[in-house]
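Residue numbers (full-length UniProt numbering), protein chains in the order written: chain A, 1 to 380; chain B, 1 to 279.
Note that beta-carbon positions come from the ideal geometry of N, C-alpha and C, so glycine has one too.
First up is the structure itself, then whatever we jot down about it.
Written out as structure tokens, the structure reads:
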């Protein structure tokens with residue numbers, strides 16, 4: 001039966017994917033309801049601030065899914081996925097900057113504030129086109145995609161994998177951070193892009209826009225999850241697992257391993273870009289800090305905590321760690337990094353398969369139908 | 001320099017006109033033809049003017065003491081190692097020295113490594129599915145469907161290697177012998193013309209060895225099989241023609257009886273083994 005379905009719709013027939021989508025959609029609905037239907041004073045009311053915070057977590061969850069796709073299934077430990085996330089964010093930020101128009105502090109109809117401040121006379125060439133939403137959305141996908149394509153092409157063609165690739169990805173995001181810090185780059189230097197007014201004509205400070213952004217992020221997570229699940233459940237996904245476990249052997253079977261790696265790496269980078277683009281209007285700022293190597297390592301921690309190679313584990317990990325971060329940095333900010341480090345050590349030692357591994361352990365697997373025991377059961 | 005010698009080579013004028021994916025041409029007899037192949041590693045000649053011919057459908061055993069160049073020879077045929085000089089032809093149409101590893105694999109040369117390397121996280125069925133001869137580019141692989149025809153072929157191979165019962169078990173839990181068979185099954189899925197099998201019975205029990213001998217003799221005829229093996233008992237049980245390698249070149253060739261009578265072979269190989277047995 002499974003064979004007759006197209007690769008993209010295959011996950012929709014899986015129990016685990018249906019469960020994931022069900023929980024996600026229910027959560028989106030409940031949060032929306034509690035936000036809209038209950039008055040602000042009600043104890044169960046979910047404030048718009050919380051909705052936006054949850055939207056931010058969902059962006060991180062999508063980013064974690066993208067990292068799990070390359071790390072969990074392809075064995076490529078990318079310590080630079082923050083770069084793709086930030087590039088998607090910057091593409092969105094540039095669109096939002098152009099949307100400000102003459103409402104900036106300096107009132108220039110074309111130039112963003114920081115350019116006026118730097119005494120620039122005209123828009124740099126790469127800022128053209130970002131007044132159009134379709135162009136910006138295309139760039140959200142293409143900028144991280146192209147970077148991943150070029151970077152991956154060079155790395156995988158030279159068969160750079162393992163710890164060397166991790167180090168190079170780390171260097172990549174660090175180099176981009178340094179570049180984006182420079183004012184001459186034309187991306188706002190260390191202040192980044194901020195002071196956004198509206199998105200597609202909707203006021204970004206309005207409660208309704210915030211709720212819609214939250215819902216859009218939830219839908220993006222659902223679609224991204226289904227896409228990754230479809231890739232993983234296809235024959236290509238099995239080639240990825242084969243590559244992860246025995247790369248040379250896979251090559252001997254006639255698969256151009258480096259092309260599969262490149263394909264999945266680019267898809268993952270694009271998903272990270274989408275996550276970044278949804279993140280920026282919700283937090284209201286994008287600056288070079290998102291390129292920082294620490295952030296990219298943190299993403300890997302989420303995935304490791306949640307359980308790599310399961311996709312839903314990445315979502316759980318991202319949500320839990322970021323919730324814990326919000327709580328901790330509110331209560332005792334100086335303890336957060338110790339808590340994160342301690343958590344990571346605990347999970348590595350006690351739960352090598354992460355939280356997802358614990359879930360799978362709690363729910364015993366349906367045993368294979370063993371013909372030798374069936375008659376005994378029937379007679380008993 | 002290689003380019004100049006290739007211009008002077010009259011046998012292969014215009015060989016760029018031959019399409020790479022054209023079928024293997026065995027009308028002139030041999031399916032594999034190595035001539036004057038030499039490889040040196042840091043001055044050490046691993047292969048020294050080696051000449052070898054394998055006929056279509058033949059089962060050939062290659063024996064030789066450690067360091068005789070058996071594995072290096074396999075590396076050359078599969079494109080992993082490039083020889084310094086010499087020629088390697090697959091049929092009379094394909095010059096293997098101009099092709100890379102995936103191209104050679106897709107031409108129909110399958111290799112079983114000494115150490116079984118199956119994909120441990122994948123099931124027996126999935127291992128065979130991945131090994132199947134198919135369009136192995138990205139998009140066809142992404143949209144591939146497991147049709148009834150593919151299932152039938154996988155069932156057929158699982159029956160041949162005797163792993164039908166274990167189809168949905170991850171390859172990681174298989175015993176050593178079962179992994180070796182799975183690996184042979186993965187080669188069969190590619191419908192190879194030539195199978196290179198490196199030490200198939202190392203570490204196997206007596207029973208597993210018998211089963212493997214049956215499997216390999218059953219395969220010969222449909223495809224050519226080259227077996228590199230140390231175990232003389234096993235070689236005796238399957239071999240029709242035996243080639244003895246020594247210091248990178250062919251020392252003797254013939255039936256097991258002929259070869260084991262050859263005084264030079266006795267001296268370098270069987271003799272050494274006999275000494276060991278005495279000792």
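At least 7 angstroms separates the beta-carbon of residue 65 of chain A from that of residue 279 of chain A. Cα atoms of residue 32 of chain A and residue 212 of chain A: separation of roughly 9 angstroms, rounded to the nearest angstrom. About 6 angstroms separates the CB atoms of residue 312 of chain A and residue 356 of chain A; that is less than 8 angstroms, so the two are in contact. Not one beta carbon of chain A lies nearer than 7 angstroms to the beta carbon of residue 171 of chain B. Straight-line spacing of the CA atoms in residue 121 of chain A and residue 302 of chain A works out to 44 angstroms. The continuous stretches of beta strand (DSSP E) do not include residue 68 of chain A, which lies in the alpha helix (DSSP H) extending over residues 48-72.
Residue 119 of chain B belongs to the set of residues whose beta carbon lies under 7 angstroms from a beta carbon in chain A. By the criterion of a C-beta distance shorter than 7 angstroms, residue 110 of chain A is surrounded in its chain by 123, once the five residues flanking it on both sides are discounted. Contact with chain B is absent for residue 202 of chain A, since none of that chain's Cβ atoms lies less than 7 angstroms from the residue's Cβ.
If you check the CB distance, residue 144 of chain A and residue 273 of chain A come in under 7 angstroms.
The straight-line gap separating the alpha-carbon atoms of residue 70 of chain B and residue 134 of chain B is approximately 30 angstroms. Going by beta carbons, residue 62 of chain B and residue 228 of chain B fall inside the 7 angstroms limit.
Residue pairing for residue 55 of chain B: DSSP places it in a beta bridge opposite B:30. Rounded to whole angstroms, the gap between the alpha carbons of residue 292 of chain A and residue 177 of chain A is 6 angstroms. When 8 angstroms is used as the limit between beta carbons, residue 71 of chain A is near no residue of chain B, the shortest such separation being about 15 angstroms. When C-alpha distances from residue 147 of chain A are compared across A:244, A:270 and A:28, the shortest belongs to A:270.
With the criterion set as a beta carbon lying under 7 angstroms from some beta carbon of chain B, the members of the segment 243-263 of chain A are 245, 246, 249, 251, 252, 253, 254, 255, 256, 259, 260 and 263, in sequence order.
Beta-bridge partners of residue 61 of chain B (DSSP): B:227 and B:242. Taking a beta-carbon distance threshold of 7 angstroms, residue 112 of chain B does not count as an interface residue toward chain A. Shown here, residue 39 of chain B sits in a strand according to DSSP, grouped into three states. Chain A places no beta carbon closer than 7 angstroms to that of residue 163 of chain B, leaving this residue out of the contacts.
In terms of beta-carbon proximity, residue 238 of chain A lines the interface with chain B, with at least one pair separated by less than 7 angstroms. For residue 31 of chain B and residue 86 of chain B, the gap between their C-alpha atoms comes out near 17 angstroms.
Residue pairing by DSSP places residue 294 of chain A opposite no residue, since no beta bridge is assigned to it.
The alpha-carbon separation between residue 35 of chain B and residue 142 of chain B amounts to approximately 41 angstroms. According to the DSSP secondary-structure assignment, residue 45 of chain B is paired through a beta bridge with B:40. Residue 192 of chain B is positioned such that its CB atom lies no closer than 7 angstroms to that of residue 57 of chain B. In this chain, residue 112 of chain B is not harboured by any alpha helix (DSSP H); it is covered by the beta strand (DSSP E) spanning 109-112.
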